[in-house]
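As C-alpha cells, the structure follows; a few thoughts come after it.
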Amino acid sequence: KVQRFTYGGMNRIVDSRLDGSGKGVNVAVALRRIGSPSACIGILQESQGHVIIKRLERERIPHAFIMQEGEVRLNQKIIDLSTGFITEVNESGTPVTAEILEKVLELVREHARTSDLMVFTGSLPPACPADFYRTLVEAAKGEGARCVLDAEGDRLAAGLEAKPYMIKPNLYELQSVAGRKVKAVPEVRDAALTL
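To convert a position in the sequence shown, counted from 1, into the numbering used here, add 56.
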C-alpha cells in the first residue's frame with residue numbers, strides 16, 4: 057500500500073503483506089471455507105514454494121505439486137490509498153519442460169479418478185503449449201471428472217474444444233471467444249449459447 061501512487065516517481069510503502077496465492081489456490085481455499093472438500097494440485101517452484109504450501113496447510117487443504125527448480129512468480133498489487141485504485145505488476149514465471157508437463161498430466165489423471173469436479177485456472181507458465189488446458193480437460197474427463205475452465209485468449213479457445221462442463225469467462229474473454237462485443241445481459245446470454 058502507498059499513500060498516493062506516483063507514476064514514474066518515488067513510492068514509499070506504508071504497509072505490505074505476502075500471501076501464498078494464485079487462482080488455483082484461491083479456488084481451493086474458497087471451496088474449503090464454504091464447507092466443500094477441496095485439494096490443490098499443479099506445478100510449484102522450489103524457491104518460495106513453501107509460502108503457498110504453508111497457506112494450504114493453514115487452511116487444511118490437501119495438496120500435491122510437481123516441484124520445479126526456479127522461483128515462485130511474484131505478482132505485486134499496489135494499492136493507492138488516496139484513490140483505492142490497484143495497479144498490478146505480474147511476473148511471467150519459470151518456463152516448464154516437457155517432462156514437467158507429462159508429470160502434471162499424470163497428476164491430473166490420478167486426481168480425476170477420485171474427483172467429482174476439477175477446476176483448471178490461472179495463467180500457464182512460459183514454454184507451456186497454449187492447448188495444455190485442452191489436454192488436461194480431456195485427461196480429467198477421461199477419468200470421469202467434470203471440468204471447469206477459467207482461462208483467456210487462445211488457452212480458453214483451445215480448452216473449449218475439449219467441451220468442459222463449465223467455463224468462467226469474464227466479459228472480455230467471452231467477447232474474445234464469441235468474436236463480437238457484448239454489453240447487455242441478453243447479449244451475454246446469446247454469446248454464451250453460441251459456445
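Note that CB positions come from ideal geometry on N, CA and C, so glycine has one too.
Given the structure is predicted, the values throughout are model-derived calculations rather than measurements.
Start and end residues, beta strand (DSSP E) containing residue i
i, result
"Ser103", "Cys96 to Ser103"
"Ala120", "His119 to Glu127"
"Lys133", "Asn131 to Ile135"
Cβ-heavy atom distance, residue i to the ligand ATP, below 7 Å
i, result
"Glu147", "Ligands are entirely absent from the displayed structure, and the ligand ATP is therefore not among its contents."
Where the alpha helix (DSSP H) through residue i begins and ends
i, result
"Leu192", "Phe188 to Gly198"
"Val85", "Lys79 to Arg89"
"Ile156", "Ala154 to Ala168"
"Thr250", "Val241 to Thr250"
"Glu229", "Leu227 to Ala234"
"Ala214", "Gly209 to Leu216"
6 Å CB neighbourhood of residue i in its chain, flanking five on each side removed
i, result
"Lys224", "Asp206"
Per-residue burial, residue i [other beta carbons within 10 Å of its own, 16 or more giving buried]
i, result
"Ser171", "buried"
"Pro220", "buried"
"Pro182", "exposed"
"Val241", "exposed"
Sequence-distant residues of its chain with Cβ nearer than 7 Å to residue i (five each side left out)
i, result
"Glu229", "Glu208 and Leu212"
"Ala186", "Asp210, Arg211 and Ala214"
For residue i: DSSP bridge partner residues
i, result
"Val175", "Val204"
### Any 3 or more C-beta pairs closer than 8 Å across the segment 139-154 and the segment 73-92
The answer is no - the segment 73-92 does not touch the segment 139-154, with fewer than three Cβ pairs under 8 Å.
### Any 3 or more C-beta pairs closer than 8 Å across the segment 112-132 and the segment 159-179
Touching, per the Cβ criterion.
### Message
Measuring CB atoms only, is the segment 144-154 touching the segment 66-83, in the sense that at least three cross pairs come out at less than 8 Å?
### Response
No: fewer than three Cβ pairs fall under 8 Å.
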